[in-house]
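Peer 1:
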Amino acid sequence: ISSSACRCKGQWETPPQTQGSQNSMVGKRPSIFWNHNVVLGLMTTGFYNLGYGLFQNTVLPSFILLVGGNNLAIGFAEGLQGITNMVSALPAGYLADKYSRSACIRIGSALWLVSAACLISAVVLAEPGSAHAYALLCAALGLEGICDGIINGPLVALMDDSVPAGSRSEVETINSVATEGASGVGPLVAGVAFMYMGNQWTLSSMQFVIIAGALVGQLANVTGALMDDKKALGAESEAVHLQADLIQRLDDGDGAAE
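Take 1 as the starting number for the sequence shown in the numbering used here and just add one per residue.
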């Protein structure tokens, strides 16, 4: 007698589990999140922070002091960058949510191009106490502050819209590593450049490093401009799932209050 014929009453046979049913039980998350917007977003973050890191925290304060002539000039120029970043962050986020994230990123790319042009012009015209060069430098840093807000706002938002549900934390971690890694590589490259240029912060050596950083940063314009709202995941994205969960919790809270 086969064992299948001796099952007692009330005993149930466990149905065979297919690969699909196993995945649904475990709640397997999508493992592939390297799509169009995520890859381009990470490249944009890397190029932007690499170029920015070449001069921002190394030679730029000394260069501003040389051109502006005093410590007040340094504080004003760098403070202007922070103020424009703060003032533009909310409008940039609003426009990105209401109209288009990719369009907002392209506006940021255009502003970064103008900022780099102002910066390179200031560097070329630089001489001690030059008011013209200092004005161009302030304009460049002000525009750069707006670009910072767009890089940290709409660009990251579009990446989140393009991440499959369950994979957002991995992409956020990689993006943070790309930001910090590129920002750290920049000063190292600048240090090597100074070492081969006499190991002194002369005007010519500072000009070389700043122009090189501005040109490297322009690579971010190419990758950023290629990001596209149409290639976001829509209902499959992590951002949509988080929004749906928040709405559900708010509805549950309203129901409990009633």
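All C-beta atoms, glycine included, are put in the ideal place defined by N, C-alpha and C.
In this text, all values refer to a predicted model and were calculated from it rather than measured experimentally.
Quick one, are the C-beta atoms of Asn49 and Ser176 less than 8 angstroms apart?
Peer 2: no
Peer 1: Which of the three DSSP states, helix, strand or coil, is assigned to Pro164?
Peer 2: strand
Peer 1: Should Val192 go down as buried or exposed, given a rule of 16 or more other Cβ atoms within 10 Å for buried?
Peer 2: exposed
Peer 1: What would DSSP say about Pro61, mapped onto helix, strand or coil?
Peer 2: helix
Peer 1: Write down the C-beta distance between Ser162 and Lys231 rounded to the nearest angstrom, noting that I regard them as a contact closer than 8 angstroms.
Peer 2: For a cut-off of 8 angstroms, the C-beta gap from Ser162 to Lys231 is around 7 angstroms, short enough to register as a contact.
Peer 1: On the CB-based measure, 16 or more other CB atoms within 10 Å of its CB, does Glu180 come out buried or exposed?
Peer 2: exposed
Peer 1: Enumerate in chain order the residues of its own chain whose CB-to-CB distance from Gly93 is below 6 angstroms, with the five nearest sequence positions on each side excluded.
Peer 2: Gly153
Peer 1: In whole angstroms, what separates the C-alpha of Asp160 from that of Gly79?
Peer 2: 30 angstroms
Peer 1: With respect to the alpha helix (DSSP H) encompassing Met206, which residues constitute its N-terminal and C-terminal limits?
Peer 2: 203–217
Peer 1: Could you check the C-alpha separation between Ala157 and Leu215 for me, to the nearest Å?
Peer 2: Roughly 26 angstroms separates the two Cα atoms.
Peer 1: Considering Trp34, what are the terminal residues of the alpha helix (DSSP H) in which it resides?
Peer 2: Where Trp34 is concerned, there is no enclosing alpha helix (DSSP H), given that its DSSP letter is neither H nor E.
Peer 1: Could you spell out the range, first to last residue, of the alpha helix (DSSP H) harbouring Pro91?
Peer 2: Note, Pro91: alpha helix (DSSP H), 71–98.
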